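S.K.: Numbering (this note's numbering), first residue to last: 40 to 117.
Think of the CB as a built atom: it goes at the ideal place given N, C-alpha and C, for glycine as much as any other residue.
Note that the coordinates shown come from a computational prediction; the quantities given were computed from them, not determined experimentally.
Attaching a single structure in structure tokens format; questions to follow.
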């Protein structure tokens, strides 16, 4: 009886650890990406310059706002 209880507790602890670890890692990555976005204004300017465009400040702000909107609602792409 004790062996079955021990095995059951080990399996339950393993499952709880996996679920808890998944959600903790997910929360960490979401916070990291919010604090350190993959593309910033300087990178956007550099990309547009490489494409042969000289973006105005208004264009850069519009594109950053659009990317932030998409990042806020990842399930709803228009």
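Select from 92, 77, 90 the residue whose C-alpha is nearest the C-alpha of residue 103.
M.R.: Per the Cα distances, 77.
S.K.: Please state whether DSSP places residue 90 in a helix, a strand or coil.
M.R.: Residue state, collapsed to three classes: coil.
S.K.: Residue 68 lies in the alpha helix (DSSP H); which residues open and close that run?
M.R.: Residues 41-74.
S.K.: Tell me whether the beta-carbon of residue 99 lies closer than 8 Å to the beta-carbon of residue 80.
M.R.: It is a contact, given that the beta carbons lie within the stated cut-off.
S.K.: For residue 107, which residues in the same chain have their Cβ closer than 6 Å to its Cβ, ignoring the five residues on either side in sequence?
M.R.: Hits under 6 Å: none found.
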